[in-house]
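In this note's numbering, the protein residues as written are 28 to 463.
Single-structure report; data block below.
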């Protein structure tokens, strides 16, 4: 079975993060059918070994579900694979499919399918680290003329606050920002893709709205495409959106009505509009930031006589010093605005321990992509975690990452170049032959 057919089978099995059991069962059975000794751990990582391997292929099998996903209807126009009204899951389903293809071909191979990468690299963090191979080839990159040997670290910054409610009188509106492009909050953060939460907050502040509820964003690692607020306002808002009509829709629910709004509405909106979303520091390459932050998710809910507000921001940086700097910058701003701050899902930046393996992979890749280069990525990869785990057992892994061209992952616009899939599977095959 070819890689695209294998990928189509994967797409037919639900595998959103935290809901991967069906695909885990499928992969477990597939590995056994190919003659691999295979086990699955408590974190859902699937570790398969056959023969006496020197190389481990690694990919994660969960996906970011956006739009109609996990109902994925794959579209193939001859140039790209995409999905109808949902994320595609080529990140990292194509990597999984390439691993599966190689499992059917090679007698000496190690494969690691990690779980829940998209929600804090939970699988890799829980893996026991006992790999047999000397080399690890990660298949989670998204540009086929690049070999990744370093990646950003990241941290989820959770903000929470509670606001008393006050009785207010005015027009009640439902205001929405919907169907923005979205995108990956790491590799696409430099593109200045509009953020639905920021757009809505700025509009509400400009019009002195009082918040009844405010919810937006989809995932911590995707740029928000949608946001919605119910507000009280004295202004006739539907007369003020002519220049913003592409982004904002306004629906008046009640013309004059008393309701409970947040006492801290002005302070919250001031914080959201002042909070920087996007690049904080530039790297040496314009498209590779040194540090960035994604204002990812906002939600409100009742909490007794109060209303609770939760905000999630995902920050990334290419080195530990920059990661601490951006954490401190955002936290200071949040604390001054009255928020409680909690850090979670922190991962360290990764720099490969050696480049001999990467140079060999580059030599092979250049047969298909003459301008290929070794570089870094402003996103998280599991490579660093797996290297650190192996080191605890006295093993220094040589690691690099490659993958086919994937455009706009973590969004309904995600697509993967078909010719690129073929190139990368040929490269993987030749790398395995070179180290067999």
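Even for Gly, the Cβ is constructed at its ideal location relative to N, Cα and C.
Member of the options whose CA lies at the smallest distance from the CA of residue i
{"i": "residue 157", "options": "421, 402, 118, 325", "result": "421"}
{"i": "residue 192", "options": "102, 334, 442", "result": "334"}
{"i": "residue 259", "options": "228, 425, 281, 56", "result": "281"}
{"i": "residue 339", "options": "354, 323, 208", "result": "323"}
{"i": "residue 18", "options": "450, 461, 462, 463", "result": "Outside the displayed range of the chain (28 to 463) lies residue 18, so it cannot be described from this structure."}
{"i": "residue 253", "options": "300, 311, 325, 303", "result": "325"}
{"i": "residue 437", "options": "251, 413, 302", "result": "251"}
{"i": "residue 199", "options": "287, 187, 125, 183", "result": "287"}
{"i": "residue 137", "options": "425, 189, 162, 431", "result": "162"}
{"i": "residue 190", "options": "301, 293, 173, 84", "result": "293"}
Assigned secondary structure, residue i (DSSP; H/G/I helix, E/B strand, else coil)
{"i": "residue 410", "result": "helix"}
{"i": "residue 158", "result": "coil"}
{"i": "residue 222", "result": "coil"}
{"i": "residue 278", "result": "strand"}
{"i": "residue 423", "result": "coil"}
{"i": "residue 148", "result": "coil"}
{"i": "residue 235", "result": "coil"}
{"i": "residue 28", "result": "coil"}
{"i": "residue 111", "result": "coil"}
{"i": "residue 153", "result": "helix"}
{"i": "residue 49", "result": "helix"}
{"i": "residue 140", "result": "strand"}
{"i": "residue 204", "result": "strand"}
Buried versus exposed call for residue i [16 or more other C-beta atoms within 10 Å across all chains shown]
{"i": "residue 367", "result": "exposed"}
{"i": "residue 316", "result": "buried"}
{"i": "residue 60", "result": "exposed"}
{"i": "residue 48", "result": "exposed"}
{"i": "residue 348", "result": "exposed"}
{"i": "residue 321", "result": "buried"}
{"i": "residue 223", "result": "buried"}
{"i": "residue 102", "result": "exposed"}
6 Å CB neighbourhood of residue i in its chain, flanking five on each side removed
{"i": "residue 51", "result": "71"}
{"i": "residue 276", "result": "203"}
{"i": "residue 350", "result": "180, 344"}
{"i": "residue 78", "result": "134, 135"}
{"i": "residue 97", "result": "41, 43"}
Sheet register partners of residue i (DSSP bridge)
{"i": "residue 181", "result": "343, 374"}
{"i": "residue 329", "result": "334"}
{"i": "residue 242", "result": "255"}
{"i": "residue 367", "result": "187"}
{"i": "residue 43", "result": "90"}
{"i": "residue 66", "result": "74"}
Contacting residues, own chain, Cβ-Cβ under 8 Å from residue i (five flanking each side not counted)
{"i": "residue 393", "result": "399"}
{"i": "residue 456", "result": "129, 132"}
Same chain, Cβ closer than 7 Å to residue i, neighbours up to 5 away in sequence not counted
{"i": "residue 256", "result": "202, 227, 231, 238, 240, 241"}
{"i": "residue 122", "result": "86, 166, 167, 430"}
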